[in-house]
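Written out below as structure tokens is the structure these notes cover.
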Amino acid sequence: MDTTIFINIVYVIAAALFIYGLKLLGHPATARQGNKLSAIAMLVAIIVTLLDQNIVSYNWIIISVLSGSAVGVYVSKKVEMTGMPELVSLFNGVGGLASAAVAIAAMVGSELTTGLATISVIALIIGAVTFSGSLVAWGKLSERISGKPIVFKSQAIANYGLIAVTVLFSALYVIFPSSITFIVLVIALALAIGVMVVLPIGGADMPVVISLLNSYSGLAACAAGFALENNLLIVAGALVGASGIILTNIMCKAMNRSLVNVLTSGFQEVVSMDIVVEGEIKPISADDAFYVLEAAQSILVIPGYGMAVAQAQHAMKELQELLENNDAEVVYGIHPVAGRMPGHMNVLLAEADVSYDLLLEMDEVNPRMENFDVAIVIGANDVVNPAARELKGSPIYGMPVINADLAKNVFVIKRSMSSGFAGVDNPLFFKDNTRMIFGDAKEVLNNIVRQFAD
Amino acid sequence: MIAIYLLFILMLAIFVGFELIQKVPATLHTPLMSGANAISGITILAALVLAGGESGEAATVLGIIGVFFATINVVGGYLVTDRMLAMFKKK
Chain Y
1 MDTTIFINIV YVIAAALFIY GLKLLGHPAT ARQGNKLSAI AMLVAIIVTL
51 LDQNIVSYNW IIISVLSGSA VGVYVSKKVE MTGMPELVSL FNGVGGLASA
101 AVAIAAMVGS ELTTGLATIS VIALIIGAVT FSGSLVAWGK LSERISGKPI
151 VFKSQAIANY GLIAVTVLFS ALYVIFPSSI TFIVLVIALA LAIGVMVVLP
201 IGGADMPVVI SLLNSYSGLA ACAAGFALEN NLLIVAGALV GASGIILTNI
251 MCKAMNRSLV NVLTSGFQEV VSMDIVVEGE IKPISADDAF YVLEAAQSIL
301 VIPGYGMAVA QAQHAMKELQ ELLENNDAEV VYGIHPVAGR MPGHMNVLLA
351 EADVSYDLLL EMDEVNPRME NFDVAIVIGA NDVVNPAARE LKGSPIYGMP
401 VINADLAKNV FVIKRSMSSG FAGVDNPLFF KDNTRMIFGD AKEVLNNIVR
451 QFAD
Chain P
1001 MIAIYLLFIL MLAIFVGFEL IQKVPATLHT PLMSGANAIS GITILAALVL
1051 AGGESGEAAT VLGIIGVFFA TINVVGGYLV TDRMLAMFKK K
């Protein structure tokens, strides 16, 4: 049998395994199996590709596969669960870089027809934008770059100009496909676009940016598939692209904003709030909080990024067990944009050995909020802000939030009285049924746990 | 004609992707993303052919770079996803 046909038959099987693997990812009980299936598909596809008759030398392939694997194994073992947003961001960038390298290789390897030159330059641009954009996102997440939006005068106009010039030079390359100069210019411009687009986006909007770049890394592979006429690249790239777009959409909806608004809001003046939230803050000590929790029958825990920062998930799990032994029901209510990436809180709690059927979504906990004796808010702010529901004119008005204030009692564990990322005051802190427990989330929870032990 | 046939594949893959991924629960969104990282390393297939081929030195070097980075994505992505998914347990 012709090798090319054999390779492509195996590609069809690999595509089927990728799709079935994704299907298994639809439930926590089968997800691990699905990931393994997907990995097998990848392995089979790689092995069969090595049979390609165009491959004449294997030395460098072996060296780069071995060194790439070593890096991959090292980072996947070493990363902490709190660092997942940074890692996914880096992986997005690396994926973009690989696709960009492939696109450039296709462009310099032989003189391309107009059609192939067009799709190759598109693959190059998406890959390069993903790479530089992801590096900036990674810098912001790891706080190597300020998490605040970085803006300067006429930035929007500069960005549009940059995009226009990139399109111009891409067109010139397609007309003169043998010109290395135009390729180099497009690479430089695309890298600049990635940096310029992510810089003005603030830290709290990172879940949207990571999801979007995740999508781009797939689309870059997809475009490279068109350039090299490889249908498995197209299928796998499209699956990743679709996944990223769905997540981006979920994140935007959870913030009641459009994607355009998220990408450009850094340019706009912050709306000043005329509404001043007034009221009395009622602090409570960990000792007193213990008495309330001891008497509670049902408890809702609402985690936010602060829980990740304080690494408080293990202390929370300990408290959960004590409360359960005390015959109370404990569940977790997780807002889609809690944390720095989609599903961030769930992974941290899973790491602390919390059963996944206790991790409920916002829409599952809101209808039964009145029945919770205590809602414990750990390091979350904007996602439980009742201003989104009751204060017209608040910048977050209309955003779907977890209605913690409707629970019988609310404990807010917080470092200090600063406002959240959106810079909005939180009326929840002033409600009659709210008690503030000031301090490091982990210490506070450990204090309460110690009370139970006594 | 090849381009049209590839577009057909793209269109179908996008629809399958949307259908399947909409069913992934919010709990698994982080592993979904790292798993997607691994799958986007599929570029390795194209990079392998370029790295081992004879399209000139520049294309070979770029292919090798592509293989290196795509391998990081594939190996790192699948392993870290597996590590995470192993933590999701029901009691």
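Here the protein sequences line up with chains Y and P, keeping their order.
Counting from 1, position 29 in the first sequence corresponds to residue 29 in this note's numbering; the numbering is continuous, with no gaps.
If you want this note's numbering, it's the position in the second sequence, counting the first as 1, plus 1000.
All C-beta atoms in this analysis are idealised placements derived from N, C-alpha and C, irrespective of residue type, glycine included.
From the beta carbon of residue i, is the nearest beta carbon of chain Y less than 8 Å away?
i: I1044/P; result: yes
i: M1001/P; result: no
i: I1004/P; result: no
Identify, in the order they occur along the chain, each residue of the same chain with its Cβ nearer than 7 Å to the Cβ of residue i, setting aside the five sequence neighbours on each side.
i: H314/Y; result: A352
i: L1085/P; result: P1031
i: I163/Y; result: I193
i: L15/Y; result: Reading the sequence as shown, one finds Ala at residue 15/Y and not Leu. Counting only Cβ-Cβ distances below 7 Å, and skipping sequence neighbours, we find L232, V235.
i: Y20/Y; result: L37
i: V1074/P; result: A1038, G1041, I1044
Below 8 Å CB to CB, which residues in the same chain sit around residue i once its five sequence neighbours on both sides are set aside?
i: V136/Y; result: I145, G194, V195, V198, L199
i: I1021/P; result: L1032
i: N433/Y; result: D405, A407, K408, N409, V410
i: I61/Y; result: L50, I55
i: E1019/P; result: none
Could you check if residue i is buried or exposed, using at least 16 other CB atoms within 10 Å of its CB as the buried criterion?
i: F226/Y; result: buried
i: R456/Y; result: Because chain Y is modelled from 1 through 454, residue 456/Y falls outside the range shown and cannot be assessed.
i: G475/Y; result: Nothing about residue 475/Y can be reported from this structure: the residues present for chain Y run from 1 to 454 only.
i: I5/Y; result: exposed
i: E86/Y; result: buried
i: T114/Y; result: exposed
i: T1060/P; result: buried
i: P283/Y; result: exposed
i: A31/Y; result: buried
i: G333/Y; result: buried
i: I9/Y; result: exposed
i: K1089/P; result: exposed
i: F290/Y; result: buried
i: N158/Y; result: According to the sequence displayed, residue 158/Y carries Ala and not Asn. Exposed, because fewer than 16 other Cβ atoms sit within 10 Å of the Cβ of A158/Y.
i: P367/Y; result: exposed
i: Y58/Y; result: exposed
Between the beta-carbon of residue i and the beta-carbon of residue j, is there less than 8 Å?
i: L112/Y; j: V186/Y; result: no
i: S64/Y; j: T1043/P; result: no
i: I1065/P; j: A101/Y; result: yes
i: I234/Y; j: L319/Y; result: no
i: S89/Y; j: I246/Y; result: no
i: L191/Y; j: V165/Y; result: no
i: P336/Y; j: A254/Y; result: yes
i: T248/Y; j: S215/Y; result: yes
i: G241/Y; j: L1028/P; result: no
Please go through the same chain and pick out, in chain order, the residues whose beta-carbon is closer than 6 Å to the beta-carbon of residue i, but skip the five residues on each side of it.
i: I376/Y; result: V301, F411
i: N372/Y; result: The residue asked about is misnamed: residue 372/Y is Phe in this sequence, not Asn. Contacts found: S298, L300, A407.
i: F182/Y; result: F169, L172, Y173
i: G1024/P; result: Reading off the sequence shown, one finds Val at residue 1024/P, where the question assumed Gly. For V1024/P, where only same-chain residues beyond five positions count, the Cβ hits under 6 Å are L1032.
i: V129/Y; result: A190, I193, G194
i: G93/Y; result: F131, S134, L135
Within 8 Å (strictly less), CB to CB, does residue i reach chain P?
i: R32/Y; result: yes
i: Y58/Y; result: yes
i: D205/Y; result: no
i: T49/Y; result: yes
i: K253/Y; result: no
i: N8/Y; result: no
i: V240/Y; result: yes
i: G95/Y; result: yes
i: P177/Y; result: no
i: H344/Y; result: yes
i: P303/Y; result: no
i: A158/Y; result: no
i: F430/Y; result: no
i: K23/Y; result: yes
i: S217/Y; result: yes
i: Y356/Y; result: yes
i: P336/Y; result: yes
i: L359/Y; result: yes
i: F91/Y; result: yes
i: S64/Y; result: yes
For a contact meaning CB atoms closer than 8 Å, what does residue i contact in chain C?
i: C222/Y; result: Absence of chain C from the displayed structure is noted, the protein chains being Y and P.
What are the uninterrupted segments assigned as beta strand (DSSP E) that are 3 or more residues long and contained completely in the segment 207-261 of chain Y, given in chain order?
none
Runs of alpha helix (DSSP H) lying entirely within the segment 41-65 of chain Y, each at least 4 residues, in chain order
none
Run through the segment 1003-1075 of chain P for me and flag every whole alpha helix (DSSP H) of 4 or more residues, listed as ranges in chain order.
1029-1040, 1044-1052, 1057-1071
Which full runs of the alpha helix (DSSP H) of 4+ residues lie inside the segment 318-394 of chain Y, going along the chain?
344-351, 362-365, 387-390
What runs of the alpha helix (DSSP H), each 4 residues or longer, lie entirely inside the segment 74-144 of chain Y?
84-109, 114-141
Along the chain, which unbroken stretches of the beta strand (DSSP E) at least 3 residues long are found entirely within the segment 274-312 of chain Y?
298-303
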